[in-house]
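Okay, so the sequence shown: first residue is -18 according to the numbering used here, each after it adds one. Even glycine gets a Cβ: it sits at the ideal position worked out from N, Cα and C. Here the structure is a predicted model, which means the values were calculated and not measured. These notes concern the structure reproduced below.
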Amino acid sequence: MPTLLELVVNKKSSQNHESFTKFLYDYLPLIVFFVCYKFSIVENKLLFATLSMLLATFLAIIASYILVKKIPKVATFSGIILGVFCGLSIAFNNEYFIKIKPTIINLIFAGILIYGYCFNKPMMNYLLGEQIKMSFKDWQTLSMRWALFFVALSILNEIIWRNFSTDFWVQFKVFGMMTISIVFTVFQVPFILKAQSNFAKSNNQ
């Protein structure tokens, strides 16, 4: 979702191949997952959809390398985690591992951001620092906001999959999480624009 933040805040970034491929590997796997789950006729639709999502993720990574000669680290990491949990689901014949994957990966992202915050290394700066220029304090604030957001997503995922049907969880994973993430991202834009303006003014003094 920081990819969307980059596209919203920085128009120049959204016009190049790199931003397009980032957007592609953020959303193409989700679309493939939903379509395969919704329209497949296999017995275990969730596992089939997850395997299809895994394939789409790595195809998007390959496309990114072909277009911009870069391997996206976050998408690759997510794909590896997805592969691990998909393998566990196959090995134990249990959908549980697929359903807790969003919880685990969001907690990992939150942990990385909190670690960076505690040791004065705001990780959002490493992700977006080339496109967005802000003060150290503002990077720390943005990193903590995203950390808390990822924790909230983890809690919400646990509530949904434990209390509702698989069909409902799939709808939530694809449309619910995406909508919540987009809304949260949009709400960060005013803060970032103000922080960028303040940073530019301080450098011109």
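Between the beta-carbon of residue i and the beta-carbon of residue j, is there less than 8 Å?
i, j, result
"residue 88", "residue 124", "no"
"residue 56", "residue 6", "yes"
"residue 38", "residue 59", "yes"
"residue 155", "residue 27", "no"
For residue i, I'd like the list of residues in its chain whose CB is within less than 6 Å of its CB, leaving aside the five on either flank, ordered along the chain.
i, result
"residue 63", "35"
"residue 41", "5, 6, 9"
"residue 84", "135, 138, 139"
Tell me whether residue i sits in a helix, a strand or coil according to DSSP, three-state version.
i, result
"residue 53", "coil"
"residue 103", "coil"
"residue 12", "helix"
"residue 43", "helix"
"residue 193", "The shown model of the chain, from -18 to 186, leaves out residue 193, and the question about it has no answer."
"residue 124", "helix"
"residue 144", "helix"
"residue 114", "coil"
"residue 23", "coil"
"residue 185", "helix"
"residue 75", "coil"
Rounded to a whole number of angstroms, what is the C-alpha to C-alpha distance between residue i and residue j?
i, j, result
"residue 161", "residue 21", "27 Å"
"residue 158", "residue 178", "31 Å"
"residue 77", "residue 104", "30 Å"
"residue 213", "residue 15", "Here the chain covers residues -18 to 186 and nothing more, so residue 213 does not appear."
"residue 23", "residue 180", "55 Å"
"residue 176", "residue 96", "23 Å"
"residue 152", "residue 45", "27 Å"
"residue 132", "residue 18", "26 Å"
"residue 120", "residue 3", "21 Å"
"residue 48", "residue 13", "21 Å"
"residue 31", "residue 113", "34 Å"
"residue 74", "residue 171", "46 Å"
Does the Cβ of residue i lie closer than 7 Å to at least one heavy atom of the ligand FAD?
i, result
"residue 94", "For the structure depicted, the ligand FAD is absent and the ligand set is empty, with no information on it obtainable."
Would you say residue i faces chain B, with C-beta separation under 8 Å as the test?
i, result
"residue 157", "Note that chain B does not occur in the displayed structure, where there is just one protein chain."
I'd like the list of long-range same chain contacts for residue i, defined as Cβ closer than 7 Å, with 5 residues on each side in sequence excluded.
i, result
"residue 99", "none"
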